[in-house]
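A short write-up of the structure that comes next.
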Amino acid sequence: MKKKWLFTPGPTPIPPEALLAMAQPIDYHRSEDTVALIKDVLEKLKHVFQTENDVLFLTSSGTGAMEGAVANLLSREDKVIVVRSGKFGERWGEICTAFGVEIIPIDVKWGNAVDPEAVETLLDEHRDVKAVYATLCETSTGVLHDIEALARLTRVRPTLLVVDAVSGLGADDLQMDNWGVDVVVSCAQKGLMTPPGLAVVALNGRAWDAVSHSDLPKYYFDFRKAYETGLEGSVPYTPAVTLLTALQCALTRICEEGIRSTIARHSRLAEATRSAVKALGFTLFAVSPANTVTSIQLPEEIDGKAFLKLMLDKYGITYAGGQSQLSGKIVRIAHLGWIDESDVIVAISAFERGLIEIGCDIPLGAGVTAAQEVFRAVRVG
Ligand code: PMP
58 MKKKWLFTPG PTPIPPEALL AMAQPIDYHR SEDTVALIKD VLEKLKHVFQ TENDVLFLTS
118 SGTGAMEGAV ANLLSREDKV IVVRSGKFGE RWGEICTAFG VEIIPIDVKW GNAVDPEAVE
178 TLLDEHRDVK AVYATLCETS TGVLHDIEAL ARLTRVRPTL LVVDAVSGLG ADDLQMDNWG
238 VDVVVSCAQK GLMTPPGLAV VALNGRAWDA VSHSDLPKYY FDFRKAYETG LEGSVPYTPA
298 VTLLTALQCA LTRICEEGIR STIARHSRLA EATRSAVKAL GFTLFAVSPA NTVTSIQLPE
358 EIDGKAFLKL MLDKYGITYA GGQSQLSGKI VRIAHLGWID ESDVIVAISA FERGLIEIGC
418 DIPLGAGVTA AQEVFRAVRV G
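Take any residue in the sequence shown, note its place counting from 1, add 57, and you have its number in the working numbering.
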């Protein structure tokens, strides 16, 4: 079997103990052991969300939690602000529209982060806005949004802040309680180092109040059912028990490392990657880059899709390409989840070799040296 390296912003590599846990015989989802498992997972998630609020989980990918965060919080007459700066911000808008909710979009040029002042202006113009839907790391562009600044605006208003932290949770800082973020949604296959199939959501008191008034239709993704059963270590429907065992292992890792250190590690890996990319003469696509993923603007003469195919076929390396209008134009190298400094060196060295192979004139080794310098400086400093 060819050795494979996964440098995509989800799914991400799974730690061995999580893989082994999934090889255990399947358990009944109402067994005492599963009750204890669910309670433990939900407790550990609080640490990752940096919150005292209870967390709930759903058996779905991240989009299920996003849909739930619309269906459970809003009512038919509501208006919401949606920050659209890439594919996932657009998804918030699409879900709201599907549920008949009026959206006031803020369209941000892909690669840029939203200007909090623009959000403030809209909030002042539309005082009846029920919520702002935003994204922590806009994975399609690699941009980090200033969620703390947005929360400063919403927490003093009757407006909720709902954050898609699907890719950013555990890599980019998101202090739910300290900043006053009302709702955070995420899922398993990113920073939580678990295979796809579980979504996680945290809501504060203001958000639960909105849930109690919401009249949009919901059934499978009914947050109240998931929350109330979850408190008892139970579930309304058969959950992905196997994935929960993997998630427990992954969460144990994060709790042992400590969420602040986990975020600091991601920050170091991201800085090294950015430094490498620049040393090779490339431009970063994101104006305010996230810790989760580094997006690299490709010169026009490089066929991004052919490059990604070469990297997979020849080196067993998967980077992510561009989505929608960025298809073939950017490469995204993720440094997310179970990734360390050596992995980043592999990602960069292979990047260099692939570029040379397609005829790019780059200073071979300059990227690796730049990344090593970042790691050395951090260790010395
Ligand atoms: N939001 C963001 C920021 C994402 O990165 C993704 C997945 N790439 C999603 C939402 C959707 O998640 P899923 O594919 O698990 O439904």
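By construction, the Cβ of each residue, glycine as well, lies at the ideal position given by its N, Cα and C atoms.
Of the listed residues the options, nearest to residue i (C-alpha basis)
{"i": "residue 306", "options": "78, 68, 324", "result": "78"}
{"i": "residue 333", "options": "127, 179, 421, 132", "result": "421"}
{"i": "residue 133", "options": "159, 396, 237", "result": "159"}
{"i": "residue 253", "options": "143, 58, 66", "result": "66"}
{"i": "residue 113", "options": "282, 388, 128", "result": "282"}
{"i": "residue 183", "options": "216, 108, 154", "result": "216"}
{"i": "residue 90", "options": "388, 299, 318", "result": "299"}
{"i": "residue 369", "options": "381, 340, 292, 410", "result": "410"}
{"i": "residue 433", "options": "174, 398, 418", "result": "398"}
{"i": "residue 96", "options": "111, 396, 85, 82", "result": "111"}
{"i": "residue 431", "options": "412, 335, 381", "result": "335"}
{"i": "residue 103", "options": "156, 58, 288, 339", "result": "288"}
{"i": "residue 280", "options": "128, 118, 324", "result": "128"}
{"i": "residue 12", "options": "248, 240, 381, 210", "result": "Within the shown structure, residues of the chain are numbered from 58 to 438, placing residue 12 beyond reach of any answer."}
{"i": "residue 436", "options": "340, 325, 269", "result": "325"}
{"i": "residue 118", "options": "68, 80, 98", "result": "68"}
{"i": "residue 154", "options": "124, 178, 173", "result": "124"}
{"i": "residue 271", "options": "357, 156, 87, 401", "result": "156"}
{"i": "residue 58", "options": "202, 178, 372", "result": "372"}
Assigned secondary structure, residue i (DSSP; H/G/I helix, E/B strand, else coil)
{"i": "residue 244", "result": "strand"}
{"i": "residue 187", "result": "coil"}
{"i": "residue 216", "result": "coil"}
{"i": "residue 374", "result": "strand"}
{"i": "residue 205", "result": "helix"}
{"i": "residue 163", "result": "strand"}
{"i": "residue 153", "result": "helix"}
{"i": "residue 393", "result": "coil"}
{"i": "residue 405", "result": "helix"}
{"i": "residue 353", "result": "strand"}
{"i": "residue 73", "result": "helix"}
{"i": "residue 421", "result": "coil"}
{"i": "residue 415", "result": "coil"}
{"i": "residue 195", "result": "strand"}
Check whether residue i and residue j have beta carbons under 8 Å apart
{"i": "residue 349", "j": "residue 228", "result": "yes"}
{"i": "residue 223", "j": "residue 231", "result": "no"}
{"i": "residue 145", "j": "residue 221", "result": "yes"}
{"i": "residue 163", "j": "residue 204", "result": "no"}
{"i": "residue 142", "j": "residue 165", "result": "yes"}
{"i": "residue 64", "j": "residue 353", "result": "no"}
{"i": "residue 327", "j": "residue 346", "result": "yes"}
{"i": "residue 363", "j": "residue 377", "result": "no"}
{"i": "residue 186", "j": "residue 161", "result": "yes"}
{"i": "residue 244", "j": "residue 423", "result": "no"}
{"i": "residue 200", "j": "residue 169", "result": "yes"}
{"i": "residue 361", "j": "residue 355", "result": "yes"}
{"i": "residue 441", "j": "residue 126", "result": "Nothing can be reported for residue 441, as the shown portion of the chain is limited to 58 through 438."}
{"i": "residue 233", "j": "residue 108", "result": "yes"}
{"i": "residue 445", "j": "residue 167", "result": "The first residue shown for the chain is 58 and the last is 438, placing residue 445 beyond what the model contains."}
{"i": "residue 442", "j": "residue 310", "result": "The shown model of the chain, from 58 to 438, leaves out residue 442, and the question about it has no answer."}
{"i": "residue 101", "j": "residue 260", "result": "no"}
{"i": "residue 190", "j": "residue 219", "result": "yes"}
{"i": "residue 75", "j": "residue 303", "result": "yes"}
{"i": "residue 192", "j": "residue 140", "result": "yes"}
{"i": "residue 301", "j": "residue 98", "result": "yes"}
{"i": "residue 389", "j": "residue 340", "result": "no"}
Contact belief for residue i with residue j at Cβ below 8 Å, rounded distance in angstroms
{"i": "residue 342", "j": "residue 198", "result": "6 Å"}
{"i": "residue 256", "j": "residue 115", "result": "4 Å"}
{"i": "residue 267", "j": "residue 130", "result": "5 Å"}
{"i": "residue 394", "j": "residue 70", "result": "6 Å"}
{"i": "residue 338", "j": "residue 419", "result": "6 Å"}
Cβ of residue i within 8 Å of any chain B Cβ
{"i": "residue 67", "result": "The structure shown contains no chain B; it is built from a single protein chain."}
Pairs of beta-carbons, one from the segment 424-435 and one from the segment 405-414, closer than 8 Å: are there three or more? They touch, by the three-pair rule.
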